[in-house]
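Participant: In the working numbering, each residue's number is its place in the sequence shown (first place is 1) plus 13. The beta carbon of each residue, even a glycine, is placed where N, CA and C say it ideally should be. Quick caveat, the model's predicted, so the values are computed rather than measured. What follows is a single structure, and I will ask about it in a moment.
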Amino acid sequence: MKITHITIRNYRCLKLVDLPIDDYTALVGANGSGKSSVLYALNWFFNGGQIDPLDVHGYGPNGETVPDNGEKPVVEVSVTFSELTARDRLRLGQYGRG
14 MKITHITIRN YRCLKLVDLP IDDYTALVGA NGSGKSSVLY ALNWFFNGGQ IDPLDVHGYG
74 PNGETVPDNG EKPVVEVSVT FSELTARDRL RLGQYGRG
């Protein structure tokens with residue numbers, strides 16, 4: 014099983030990241046550019062758990078909504094896999110379709 018694509022919305026400093034993944038992908042950038050946020054978002058995707066309100070992109074320090082449209086942002090992380098085996102599909106259950 015291989016990850017081929019990651020999409021992250023409204024997580025930490027990442028408003029929208031659409032990241033194709035190759036066999037060898039390196040995250041390179043300046044401090045504070047979001048490299049670790051991509052990894053933390055993947056950790057949340059695979060392991061679940063609570064997200065602190067301050068981890069939601071678009072929330073101010075007092076919990077106020079910052080976006081122009083006035084809607085509260087929702088964190089979304091999607092991961093696309095390829096080369097799934099029958100065992101992988103069984104482990105992924107309903108998420109291993111297609």
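In this structure, how does DSSP classify valine 2 when only helix, strand and coil are distinguished?
Facilitator: No information on residue 2 is available, as it lies outside the stretch 14 to 111 that the chain covers here.
Participant: Alpha carbon to alpha carbon, what distance is there between serine 46 and tyrosine 24?
Facilitator: Those two C-alpha atoms are separated by around 13 Å.
Participant: With distance defined between alpha-carbon atoms, name the residue in Met14, Tyr53 and Lys15 nearest to isoleucine 21.
Facilitator: Looking at the Cα atoms, Tyr53 is the closest of the given residues.
Participant: Where do the N-terminal and C-terminal ends of the alpha helix (DSSP H) with arginine 104 fall, by residue?
Facilitator: That run of the alpha helix (DSSP H) goes 99 to 105.
Participant: In this structure, does DSSP put leucine 40 in helix, strand or coil?
Facilitator: DSSP places leucine 40 in coil when its eight states are reduced to three.
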